[in-house]
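> Quick one: this structure, given as C-alpha cells, is what I'll be asking you about.
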Amino acid sequence: MRILLVDDDSSISEAVVALLTKQNHYIVDVAADGQDGWELATAFSYDLILLDVMLPKLDGISLCKQLRREGYQMPILLLTARDTATDKVMGLDAGADDYVVKPFDFQVLSARIRALLRRGSSTLPPVLEWEKLRLNPSSCEVRYGSQSLHLTPKEYALLELFLRNNQRVFSRSAIVDRLWNLEDPPQEDTIKSYIKSLRHKLKAAGAPSDLIETVYGLGYRLKPLSQEQTSDNQDANELELSWTQQQIMSAVAKAREDFKAKISDRLVVIDQAIRALSQGKPRIQCQKAEQEAHKLAGALGSFGFAAGSRLAQEIEYILQDNTCCDRTVSIRLCELMMELRRELQPTLVELNN
C-alpha cells in the first residue's frame, strides 16, 4: 500500500516513515508543505494520506477541503498539536476521516492507520489467502502450507499487491507506480527480476510454478482459484502482533535518538525569535517562533518528553496572540524557555558528552 505523509516536521516524518515501512512494508512519499502535498496527491494513487494541520504554503485544513472538493476519496488522517473541540470539528468538517493529536503514541497511530485502511477495504479479510498461500498483514508473516517464506521488502509488497487485488492484472508500469516511491523508480525490466525471484521462492515452498501467472501483452496476476479452493479460504484468522510491536519500538527508538540530536538547534531558533520580539522586530519573527514551538511540542510529547511538550505548547499558545511583542509577555516567554531548557538539560548534557 502507498501512503502520502504531509508534514513539515522532519523529526516526526522520519519516525512515521520508519514505522510504516518496517511495520507493513508500506511505500511512503513525504511532502514538507501543503502545495507539494497537493501535487503528489493529484499525481499518484494513494491508499491513505497523513496530513499535518500547520503547514507552509497551504495549510492542512485547506488541503483537505481541496482534495474532497476535487472528488478524492482516499482516507485522510489529520495530525496536529491543537486539541480543542473547535479544531477537531474544523478538521472533520473539512473532510478528514480521523484526527490524531500530537503528541501521539506511535502504536496508537499505527492502529488508527490500519483501521482506516480496513474501512477503505471493508471486504478485506484479516489474513490474505490464496490456495495454501497465507499473508498476515499484522505480523508480515508469509506461509505456503506449513512452509515459511522469507521475502525481501519489495517481494513482500509485490505479493501483497497481488493478494489485495486478486482479480486484477498489473502491468509492469502499474506495479512501479504502486510499489516504488518517487526517489528510486526502477526500470520496468527490474519487475521481471522480482517476479522471477518471488516465483522461485513460492515454488521452493511447494507452490505451483504458475501461481503468479503471466497474462501475455498485459502483465501479471494470481492464477484464478477453483470453487473448492475459494470456499476453503473463508476461515482466515489473525496471528499474533508481537513482531509488529517490536518493529514499531525499534523504529521509534531510532527516530527518538535522531530527534534528540536536533533539540538544541530548535531551542536556538526559538530563543533568537524571542530576543527579536523583545527588541520590537517585525511580527514575522513571532510567526517563526510559533512554528518552531509547534513542531517542538508535538515531537517532544511523541518521543516521551511530556513536561517539555507542555512547556513548548504554552510557548506556542502565547506566540499565537498578537500581543506577543508586549514586554510582560516577552518576559514570560523567556521564563518558559528557561524552564524548558532545565527540563531538557539531562538530554542536552547527554548529547554533549
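Position in the sequence shown counted from 1, then plus 555, gives you the working numbering.
Note that the Cβ used here is the ideal one computed from N, Cα and C, for glycine as well.
This structure is a prediction, so every number in the text was calculated from the model and none was measured.
1) For Arg689 and Ile730, what's the separation of their Cα atoms in angstroms?
2) Could you give the distance in angstroms between the alpha-carbon of Ala696 and the alpha-carbon of Arg624?
3) Buried or exposed for Ser694, going by 16 or more other Cβ atoms inside 10 Å?
4) Could you tell me whether the Cβ atoms of Val724 and Leu780 are closer together than 8 angstroms?
5) Determine the burial state of Ile631: buried for a count of at least 16 other Cβ atoms within 10 Å of its Cβ, exposed for fewer.
6) Taking the CB atoms as reference points, tell me whether Glu898 and Gly853 lie closer together than 8 angstroms.
7) Return helix, strand or coil for Ala852, following the three-state DSSP convention.
8) Ends of the beta strand (DSSP E) at Arg698?
9) Distance check for Ala760 and Thr785, CA to CA, integer angstroms please.
10) Rounded to a whole number of angstroms, what is the C-alpha to C-alpha distance between Leu714 and Leu574?
11) May I ask you to report which of helix, strand or coil DSSP gives Val724?
12) Taking 8 angstroms as the threshold (C-beta atoms), are Val561 and Leu633 in contact?
13) Is the segment 702–722 close to the segment 748–758, with three or more CB pairs under 8 angstroms?
14) Quick check on Leu603: does DSSP put it in helix, strand or coil?
15) Which residue comes first and which comes last in the beta strand (DSSP E) that contains Asp653?
16) For Leu874, does the three-state DSSP call read helix, strand or coil?
17) Which same chain residues end up closer than 8 angstroms to Glu894 when comparing Cβ atoms and leaving out the 5 residues on each side of it in sequence?
18) Expressed to the nearest angstrom, what Euclidean distance is found between the alpha-carbon atoms of Leu832 and Ser885?
19) In whole angstroms, what separates the C-alpha of Tyr601 from that of Asp584?
Taking the definition as stated:
1) 21 angstroms
2) In the sequence under discussion, the amino acid at residue 696 is Glu, which differs from the Ala named in the question. Approximately 39 angstroms between the Cα atoms of the pair.
3) buried
4) no
5) buried
6) no
7) helix
8) 696–699
9) Any reading at Thr785 needs caution, since the residue's pLDDT is 45, under 50, leaving its predicted position unreliable; the model's value is listed next. Between Thr785 and Ala760, the C-alpha separation is close to 21 angstroms.
10) 20 angstroms
11) coil
12) no
13) yes
14) strand
15) 653–656
16) helix
17) Leu866
18) 7 angstroms
19) 9 angstroms
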